[in-house]
Structures are given as structure tokens and as C-alpha cells.
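Position 169 of the sequence shown, counted from 1, bears residue number 169 in the UniProt record's numbering, the numbering being contiguous throughout.
Glycine residues also receive a C-beta, built at the ideal position from the N, C-alpha and C atoms.
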Amino acid sequence: MITSYRDVVANARKPKGWLDERAKNGTVIKVVSYNILAQSLLHAHPELYSECNKDYLTWSYRSFLLINELNRFNADILCLQEVEADQLEFFNTQLGEFGYKGVFKKRTNEKDDGCAIFYKMDKFNLRECISVEYYQPNINLLNRDNIGIVMRLSPKINNNQCIVVATTHLLFNPKRHDIKLAQMQMLLAEIDRVAFKSISDSNEPSYYPIILTGDFNLKPYSLVYNLVVNGTVDNISQCYQNYQFRSPNRPLIPVRLGITDGCQHYHVMKNRHLNRTEISDFQYVKLFNTDRRSLNATDDNFKLSQNSPLEYDRFGSGSLYHNLKLSSAYPHSDISGGGATTYQDEWCTVDYIFYGPSQKVDDDPANPVDGDLKLVSYLKLPDCDQATCLGRLPNEVCPSDHLPLSATFHLPLQVETPSEMTCKF
């Protein structure tokens, strides 16, 4: 068992030979995404770990393995889910010794855990960071406490370039694809806002390179997965849990939150096309967020007029879509999934690293051409048969009930002018 796990962790796709040469003309970025299993959730659901050795479930044992594992990765960016708020000082101290600085966002409504992004201080400058709260008051579909973080960094070796990194932990409930779609629609809108660079002469938006990670609690080729990698999903009314809400013209997210079917903030998008860049786009965001102490969604200044076809067409179309052109760093199969990251009645993939923008090729959409951000390598995951050999997690060598993901990218030098640093929480 131990040998098998170590073999799996060591079996990364090796960086291509040109990596060292390319690094001279840009930045090599290694990213890890890891659901590290909050100790409070382990204690709250002992039935899930009844087959595990109790000696390996203690925080003292698991934390030692976790820190050693994260140190061995030597990643430039760590995206962690299920970080215990009470253990944040531990991670700040331990990872700080390895040169990391982090941003943490706790789940809403007094939950004990959240997400964190740690980055190497000697490699990046923080330009912007925001939290995304999927809990929105008085909206039934958005009444869960999941969250996300979106961060914009600039490499110190290339301070004129930027990269946007996001992580999230979506709802677990396997039946509520409607909630997960709504959560992803919100997250994509915030990524769109932070990653936006400019509008081209052909009226097309351009974006900084994006890396989106996390525990999405869904399998490859599910609705949310298809939205992320294909850029569109149709007939979203079919995913509603409550049949009375199934209507082709009913948006997932209420119009008053101002998020279009194109996963954009409506007023932010409108002001882009008016080239009103002198005004901060934050004031046009209608989402409730406890970090920003605002409830813009209750404002009366956002009204959707059915007398304006252009505006009306952006809501309730029955489809969702986005412009970010994301791809998965890992290959996935709709049959085998392409690897296993956790056990949920069976071994499956629920954790992902997406990146972009990439260029989809019409005759081979499954193999997009990378844009500025080039995928160099990724850590190979065990298939379901190999994962079965690991036994139940956590165990002696696996400190979490998820396996970590890792991908390495190359970001070339570019001449850009990033904005000054802003941190919204």
C-alpha cells in the first residue's frame, strides 16, 4: 500500500526538455490543489472513517504528514480546501517557514473551515484578492455556505504580467446540480471581473491567464464540468430539484443579483463596452458579501426592463455560457473519469485544475491549443483500480480523504501594466 501510494505521487509527467530554456523567457508556475480534510468535519462524520485506523485520524499525525507533503511539492501556489479556521495560525507559521504567504476565507454562517491560497512571496506580488460567498440572503437556491477565493498575482521576475488564481469548494449534495450551477455561475462572474483586461476592436474581451482549482464535488462531464470546459450548457431548467421551477425562461440566479446567463456582472459588462474604466467595477457588483459589508442586491438601481430586448436576452435564456475558454489540466474520460481523487461510494474524480484562456479547435475540441499559459506537466493520479490498493483514506501515508493535484505551467514575458494592489477582504 505504502509503496503504491509513493509510486503514484512520484509518477508525474516529466517537464519537457525545453522548460529550463523557456523559463529564461517567462515564469514557471507549479500549482497544487488539495482538499486537506478539516478535522472538525472528520469528527462530525465518524461513520465515513470507520474503516480507518484511528491513530492516523488525529490532527497531530495528519498535520505532520500534510506539512511534509506540501513541502515536498515545493509548489509556487497552494490552493487548499477544508482548511480549519482554528488551524490557520498553524498553516501560516509552517508554510511561512517555506516562504509562503496566504489568504484565507472561512465558510459563511459560522462554519469552521474554508479555503486558502498560499503563494511564494519571493516569486509573486499580490495585486488583488476577493472572496466569493455563495450564500445570498433570501434566495433559496443560494442558501448554502460554500465560498471561493479569486486572486490576481504578478510574477516578480515579470511584474508587468498577471495571472488569476481561484479556488473553491462547491456543495457536496450529489442531487443538487442546480445549486452547483448557480454557485459556479457566481464564481465565473467574479473570475471574469478580476481577470478582464480589455475589449478588442472586434468587441471580444481578453483576459489574464487563469488557473481555477478546487473540490467541485462533481464528476467529469457533469453539467458544471461541461459549463467550465465547454463554455456552455443548455436546458438548465432540467437540473432544477423542484419541478415547479422548471421553466425555460427562469434564470438560476435572480435577476436582482445582476449576473447574466453569460456568467458576467451585467453592469460591469455594460461599462466595459462604454469604456468607463475610470469607475471601479466593484460598485456595480450586486452580490452580498460579509467581507465587504455590502448588500448591493437590495439596491433599487438595478432594474431589468423587458422593453429592452438586449438586456432581457441576457437573462433567463435557458442556457449558461462564459468567455473564459478554460481547459482541464488533467485528461478525463466520461467512462473512467481519467483518475481518482477521493472515495464517495466508489473511487472517482471530484477535484480539478482548470486553466486558460485556451483556443478550442473546431475539428478537435477535446485537445485545445494553449494560449499564453502553457501546461507543462501534471501529477499523475491513480486510476480506480490503483486507488483501491491504497485502502481507505486517511491512512498511514495519506493525511486526507482526497489526493492532491498538481500541475506546472509556463507563463511567457509580456508587456502589460497591472493595476495597484487591492484586497477586498
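Residue pairing by DSSP leaves S40 without any beta bridge partner.
Using a Cβ-Cβ distance cut-off of 8 Å, the region 73-83 and the region 111-118 are in contact, since at least three pairs of beta carbons, one from each stretch, lie closer than that value. Taking the CA atoms as reference points, Y321 sits about 37 Å from F91. Minimum Cα-Cα distance from S33 among the listed residues L405, Q414, L187 corresponds to L405. In the three-state scheme derived from DSSP, where H, G and I count as helix and E and B as strand, K120 is classed as strand. Boundaries of the alpha helix (DSSP H) around L88: 88-96. The Cβ atoms of I191 and L212 sit closer than 8 Å to each other.
Cβ-Cβ distances below 6 Å link V268 to R193, D281, Y284 in the same chain, with the five nearest sequence neighbours on each side left out; the list follows chain order. Counting along the chain, E190 sits inside the alpha helix (DSSP H) bounded by residues 177-195. In the DSSP assignment, C384 falls outside any beta strand (DSSP E) and within the unbroken alpha helix (DSSP H) covering 384-388. Between D351 and N35 a beta carbon distance of about 6 Å is seen, short of the 8 Å cut, so the two are scored as contacting. Note that the C-beta distance between T27 and L411 is below 8 Å. Taking the Cα of Y56 as reference, the smallest distance to any Cα among F73, G371, L70, L37 is reached at L37. DSSP, read as helix, strand or coil, puts N146 in coil.
Judged by DSSP secondary structure, I163 falls within the beta strand (DSSP E) whose first and last residues are 163-169.
When the beta-carbon positions are compared, E133 and R152 stay at least 8 Å from each other. By the 16-neighbour rule on beta-carbons within 10 angstroms, F64 is exposed. Judged by pairs of C-beta atoms under 8 Å, the region 101-111 does not touch the region 206-222, as fewer than three such pairs exist. Note on T93: under 16 other CB atoms within 10 angstroms of its CB, so exposed under the neighbour-count rule. G318 is not a Cβ neighbour of S198, given a cutoff of 8 Å. The beta carbon of D234 is closer than 8 Å to those of G318, S319 in its chain, skipping five residues each way along the sequence. Inter-residue distance for G148 and D122 is about 25 Å (C-alpha atoms, whole angstroms). Excluding the 5 residues flanking it on each side, S327 has same chain C-beta neighbours closer than 7 Å at V229, F354, Y355, G356, S358, P368, in chain order. In this model, F196 and A189 are separated by some 11 Å (Cα to Cα). Cβ-Cβ separation between E89 and Q39: approximately 14 Å, too far for a contact (criterion under 8 Å). Under DSSP, the beta-bridge partners assigned to R152 are E128, V164. In this structure, the straight-line span from the alpha carbon of P137 to that of Q386 is close to 44 Å. Within the DSSP bridge table, the entry for Y225 names no partner. In this model, L373 and K286 are separated by some 31 Å (Cα to Cα). Closest by C-alpha distance to D383, out of N143, F124, K175, T341, is T341. When only Cα atoms are considered, C162 and Y49 end up about 42 Å apart. DSSP lists G26 as the bridge partner or partners of P412. The beta-bridge partner set that DSSP reports for A407 consists of V31, Y378. Judged by beta-carbon spacing, F315 lies within the 8 Å limit of D261, meaning their Cβ atoms are closer than that value.
The shortest C-alpha to C-alpha distance from I67 to any of N159, D86, E97, N109 is the one to E97.
The residues K197, S198, S200, in chain order, have a CB closer than 7 Å to that of S206 in the same chain once the five nearest residues on each side in sequence are set aside.
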